[in-house]
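S.K.: Residue numbers (this note's numbering), protein chains in the order written: chain A, 1 to 277; chain B, 1 to 85. Pasting a structure below so you can have a look.
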Amino acid sequence: MSLVGAFAASHAPGITGRPALPPAAESQPILRAYDELRARLLALQADVMVVLSPEHWANFFLDNMPSFCIGIADEFFGPTDEKFVNIPRRSVRGNARLARALAEGIAEEVDLATSQDLALDHGVMLPLHLLRTELAVVPVIVNCLAGIPAPLHRCHTLGAAIRRTVDRWPERVALLGTGGLSHWPAMPESGRIGIDFDRRFLDAFIGGRIESFMRYPKEQLETEAGPGGHEIRTWIAVAGAAGDGRGSILAYQPVPAWSTGCAVAALQIEAAVKQAG
Amino acid sequence: MSLYDVQKLLFQVNRDPKTLERFLNERETLIAEYRLTEEERRAVMATDFRRLYEMGAHSLLLGPLAANLGLSFPDYLAILRGQQP
């Protein structure tokens, strides 16, 4: 079959953790965009969803922090941080066969770790909760947190590698990258939003021009988008998988009470992937 | 090495319900298992979020810990900023 959908969405813990804190004029566009995403997913009749999520100390620590780790199992549990996001812990269906095929396919191009016991935090569970989906998931954890996160362009290569395997897979596969955009998470600066960065990034993301962000300097990224800005890695991977297709923004809304420039977007899927610059 | 140990403790408290229970009920014994300086030990004993943040503990270890202790996010932020919640 093939890749049937390529999406990216913010997973700010406040969306479910403190839903009433922002004014409705700020929260509603994001919730509506998640509803639109749900409708699109249903229409695509996907069998399984690959979810690219940043690590948030659910699995890995400074003793061993992989750049990428794929969860190979038929069942996962999450969220680990249920109090932080106010989502009850539950079991989530996995797809070990696709995960194993993906691991082998990705390893041809990008080194990655594998785990048969991956814990899911809000990065996966909050989007699943808002999408109200029971789809099986294949989680791919991307280090955007600590140690030496993979270079941004490497995440594009990861996405392209995912695409090559998915295109040979017999089931209908959707892809969702979660995280970002700008945020200073749980820090004294929380509430600050890098609106200019977010808009430039979204323009590039939906304009088929993600390459303009693939060598973005680390310090500039942190100044303009906060430490949470590193989570654009999952978006870049989605663009890589979609062949840098153009797309649309379902919502962009700075939500200070959720500490995040929140966005939801969808990309068209080009026939072929591009080589990372 | 010390900040590493502070963060390792917070990491394990947040991700392992049994360690969280020990943090709530027998904090001193739990903390003794980590190699902390006296200042770090005091900050962890008191869950002094501001001090821990200033020491370099990662904010995504501190925010979820605050939630696990029943502290609201706005109150947690106020403490980080040195304001009384």
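Positions of the beta carbon are idealized from the N, C-alpha and C atoms, including for glycine. Predicted model only: the values in this text are computed from it and were never measured.
Chain B beta carbons: is any one of them nearer than 8 angstroms to that of K83 (chain A)?
M.R.: Judged by the 8 angstroms Cβ criterion, K83 (chain A) is in contact with chain B.
S.K.: Under a Cβ-count criterion, where at least 16 other Cβ atoms within 10 Å of its own Cβ denotes burial, should R233 (chain A) be classed as buried or exposed?
M.R.: By the 10 Å Cβ count, R233 (chain A) comes out buried.
S.K.: Please list the partners that L62 (chain B) has in chain A, where partner means a Cβ-to-Cβ separation under 7 angstroms.
M.R.: Near L62 (chain B) (Cβ distances below 7 angstroms), the residues of chain A are A186.
S.K.: With a threshold of 8 angstroms between beta carbons, is S59 (chain B) in contact with chain A?
M.R.: Chain A contact via Cβ: present.
S.K.: Work out the CA separation of R15 (chain B) and E33 (chain B) for me, nearest whole Å.
M.R.: Cα-Cα distance, rounded: 17 angstroms.
S.K.: Assuming K8 (chain B) contacts F61 (chain A) (C-beta within less than 8 angstroms), just tell me the rounded distance between them.
M.R.: With a Cβ gap of about 6 angstroms, K8 (chain B) and F61 (chain A) count as contacting.
S.K.: Look up T234 (chain A) in the DSSP assignment and say whether it is helix, strand or coil.
M.R.: If DSSP states are grouped into helix, strand and coil, T234 (chain A) belongs with the helices.
S.K.: Which residue or residues does DSSP assign as beta-bridge partners of V166 (chain A)?
M.R.: Paired residues: none, contrary to the question.
S.K.: Can you find a C-beta in chain A that's less than 8 angstroms from the C-beta of Y34 (chain B)?
M.R.: No, Y34 (chain B) does not count as interfacial toward chain A.
S.K.: Along chain B, which residues have their Cβ under 7 angstroms away from the Cβ of A20 (chain A)?
M.R.: Result: empty, since nearest Cβ-Cβ is about 12 angstroms, beyond 7 angstroms.
S.K.: If we call anything under 8 angstroms between Cβ atoms a contact, is P127 (chain A) one with L176 (chain A)?
M.R.: Their beta carbons are under 8 angstroms apart, which means P127 (chain A) touches L176 (chain A) by this criterion.
S.K.: Our contact map puts M65 (chain A) next to A146 (chain A) with C-beta atoms below 8 angstroms; I'd like the distance itself, whole angstroms only.
M.R.: Indeed, because the Cβ distance is near 6 angstroms, the residues count as touching under 8 angstroms.
S.K.: Taking CB distances under 8 angstroms as the criterion, tell me whether L62 (chain A) reaches chain B.
M.R.: Yes, contact with chain B.
S.K.: Which first and last residues belong to the alpha helix (DSSP H) in which Q12 (chain B) is found?
M.R.: Counting along the chain, the alpha helix (DSSP H) containing Q12 (chain B) begins and ends at S2 to R15.
S.K.: So what's Q220 (chain A) in DSSP terms, helix, strand or just coil?
M.R.: Q220 (chain A): helix per DSSP, three-state reduction.
S.K.: Nearest-angstrom Cα distance between V273 (chain A) and I162 (chain A)?
M.R.: In a straight line, the C-alpha of V273 (chain A) is about 10 angstroms away from that of I162 (chain A).
S.K.: Indicate the three-state DSSP secondary structure (helix, strand or coil) for E75 (chain A) in the structure shown.
M.R.: It is a strand residue.
S.K.: What does I106 (chain A) pair with, by DSSP beta-bridge criteria?
M.R.: Partner(s): none; I106 (chain A) has no beta bridge.
S.K.: Mind the definition here: the stretch 75-83 of chain A touches the stretch 35-46 of chain A only if three or more C-beta pairs lie below 8 angstroms; say whether that holds.
M.R.: Not touching, per the Cβ criterion.
S.K.: When the Cβ atoms of the stretch 113-129 of chain A are set against those of the stretch 50-58 of chain A, are three or more pairs found closer than 8 angstroms?
M.R.: As far as the Cβ criterion goes, the stretch 113-129 of chain A touches the stretch 50-58 of chain A, which means the pair count is three or higher.
S.K.: Throw me the rounded Cβ distance for the L327 (chain A) and A33 (chain A) pair, which I believe falls under 8 angstroms.
M.R.: The requested residue 327 (chain A) does not occur in the structure, where chain A is confined to residues 1 to 277.
S.K.: T16 (chain A) to I87 (chain A), Cα distance in whole Å?
M.R.: Roughly 7 angstroms between the two C-alpha positions.
S.K.: Going by DSSP, which residues form a beta bridge with Q253 (chain A)?
M.R.: Beta-bridge pairing links Q253 (chain A) to A:C262.
S.K.: How do the stretch 133-140 of chain A and the stretch 210-229 of chain A stand: do at least 3 beta-carbon pairs fall below 8 angstroms, yes or no?
M.R.: No contact exists between the stretch 133-140 of chain A and the stretch 210-229 of chain A.
S.K.: Is it right to say I31 (chain B) is buried, meaning 16 or more other beta carbons lie within 10 angstroms of its own, or is it exposed?
M.R.: Answer is buried; the Cβ neighbour count reaches 16.
S.K.: If I measure Cβ to Cβ from T37 (chain B) and keep anything under 8 angstroms in the same chain, skipping five residues before and after, which residues do I get?
M.R.: Excluding positions up to five away in sequence, the list reads S2.
S.K.: So, with DSSP's three-state summary, where would you put T178 (chain A)?
M.R.: The answer is strand: DSSP assigns T178 (chain A) an E or B state.
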